[in-house]
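Novice: Numbering (this note's numbering), first residue to last: 6 to 206.
We put the CB at the ideal spot given by N, CA and C, even for glycine.
Quantities reported herein were computed from a predicted structural model and do not represent experimental measurements.
Before we start, here is the structure in question, set down as structure tokens.
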């Protein structure tokens, strides 16, 4: 596989503090410990670009990575991490939603959900917010190597049923950071969204 040039460029811990770039951006969000950092590393064929921790909640800011000088990936703090104060959790959520609402370069949001579990309240709440605020999103099922193909198909059907009347859900993509499942399909979706991109102030 070809090497992808990817670099960490910016860390934002407050609303409106973003890199001074005009490249298209793709955001990653989901519950704590859903595997966001592992997924980012796997699609970029890197081991430690996005920091992985055995302790959920390590990402406490928005981390930006520039890819091939063509686009930027934005890794959000995880939702629902219990071992921090309620005030901190609420601030992180406000920071995330502010970015989703105000960042003009944002092309779509990747919502990562754990394939081993049925849709959870936090997942559904996030989907509802994205729909209400007309934000385009892609649902990525993580850790699909941990379950059978039958279970993967059942989980996809669950999410298809949930999103059948949604207007801004792009697709449901099964993935595995361990095996590389879904990597090429995900990169193809990004490539599609880069075609003809022009930043409009």
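(1) First and last residue of the beta strand (DSSP E) that includes residue 67?
(2) On the premise that residue 19 lies in contact with residue 100, defined as a C-beta separation below 8 angstroms, what is that separation, rounded to the nearest angstrom?
(3) Please report the residue range of the alpha helix (DSSP H) in which residue 128 lies.
(4) Taking just the CA atoms, how far does residue 56 sit from residue 69?
(5) Does residue 153 pass the burial test, meaning 16 or more other C-beta atoms within 10 Å, or should it be called exposed?
(6) Label residue 46 either buried or exposed according to how many other C-beta atoms from any shown protein chain fall within 10 Å of its C-beta, with 16 as the threshold for buried.
(7) Would you report the Cα separation of residue 195 and residue 182, rounded to the nearest angstrom?
(8) Could you give the residue range of the alpha helix (DSSP H) that holds residue 142?
(9) Among residues of its own chain, excluding the 5 on either side of residue 108, which ones have a beta-carbon nearer than 6 angstroms to its beta-carbon?
(10) How would you label residue 121, buried or exposed, when you count the other beta carbons within 10 angstroms and need 16 or more for buried?
(11) Looking only at its own chain, which residues have a Cβ that is under 6 angstroms from the Cβ of residue 198, when we skip the five neighbours before and after it?
(12) If we count the other Cβ atoms within 10 Å of its Cβ and call it buried at 16 or more, is residue 60 buried or exposed?
(13) Per DSSP, what kind of secondary structure is residue 60 in: helix, strand or coil?
(14) DSSP three-state call for residue 186: helix, strand or coil?
(15) Find the nearest neighbour of residue 21 within the set 200, 35, 51 and 97, judged by alpha-carbon distance.
(16) For residue 130, is the beta carbon positioned less than 7 angstroms from some heavy atom of the ligand SAM?
(17) Please look up how many angstroms separate the CB atoms of residue 131 and residue 34, rounded, as I've assumed it's under 8 angstroms.
(18) Determine the direct distance from the alpha carbon of residue 67 to that of residue 17, and round the result to whole angstroms.
Specialist: Quick answer:
(1) Residue 67 sits at position 62 when you count from the first residue of the chain shown. 67-72 is the span of the beta strand (DSSP E), which, as asked, contains residue 67.
(2) In the chain shown, the residue the question calls residue 100 occupies position 95. In the chain shown, the residue the question calls residue 19 occupies position 14. Correct: roughly 7 angstroms between the Cβ atoms.
(3) The residue given as residue 128 occupies position 123 in the chain shown. Taken as a continuous stretch (DSSP letters only), the alpha helix (DSSP H) holding residue 128 covers 126-137.
(4) Taking the chain shown and counting its residues from 1, one reaches residue 69 at position 64. Taking the chain shown and counting its residues from 1, one reaches residue 56 at position 51. Approximately 12 angstroms, taken between the alpha carbons.
(5) What you label residue 153 is simply residue 148 of the chain shown in a count that begins at 1. Burial call: exposed.
(6) Indexing the chain shown from 1 puts residue 46 at position 41. Residue 46 should be labelled buried.
(7) Counting from one through the chain shown, the residue named residue 195 turns up at place 190. Counting from one through the chain shown, the residue named residue 182 turns up at place 177. Their backbone Cα atoms lie some 17 angstroms apart in a straight line.
(8) For the purposes of this step, residue 142 is identified with residue 137 of the chain shown, where counting begins at 1. Note, residue 142: premise wrong, no alpha helix (DSSP H); beta strand (DSSP E) at 142-147.
(9) Within the chain shown, the letter at position 103 stands for residue 108. Taken in chain order, the list of residues that qualify is empty.
(10) As a first step, residue 121 is located in the chain shown; it is residue number 116 there, counting from the start. The residue is exposed, with fewer than 16 neighbouring Cβ atoms inside 10 Å.
(11) The sequence position of residue 198 within the chain shown is 193, counting from 1. So the list reads 112, once near-sequence residues are dropped.
(12) Indexing the chain shown from 1 puts residue 60 at position 55. Below a pLDDT of 50, predicted positions are generally treated as unreliable, and residue 60, at 48, falls in that range; no measurement from the model is reported.
(13) Residue mapping note: residue 60 aligns to position 55 of the chain shown, counting from 1. Low local confidence applies: a pLDDT of 48 at residue 60 is under 50, so the model's placement there is unreliable, and no value is given.
(14) Position 181 of the chain shown holds residue 186. In the structure shown, residue 186 sits in coil (DSSP, three-state: anything other than H, G, I, E or B).
(15) Counted from its first residue, the chain shown places residue 21 at position 16. Taking only the C-alpha atoms, the option nearest residue 21 is 97.
(16) Here there are no bound small molecules, and the ligand SAM is not part of this structure.
(17) As a working note, residue 131 is residue 126 in the chain shown. As a working note, residue 34 is residue 29 in the chain shown. Going by Cβ atoms, the distance from residue 131 to residue 34 rounds to 7 angstroms, so yes, they are a contact pair.
(18) As a first step, residue 17 is located in the chain shown; it is residue number 12 there, counting from the start. As a first step, residue 67 is located in the chain shown; it is residue number 62 there, counting from the start. Distance between the alpha carbons of residue 17 and residue 67 is about 5 angstroms.
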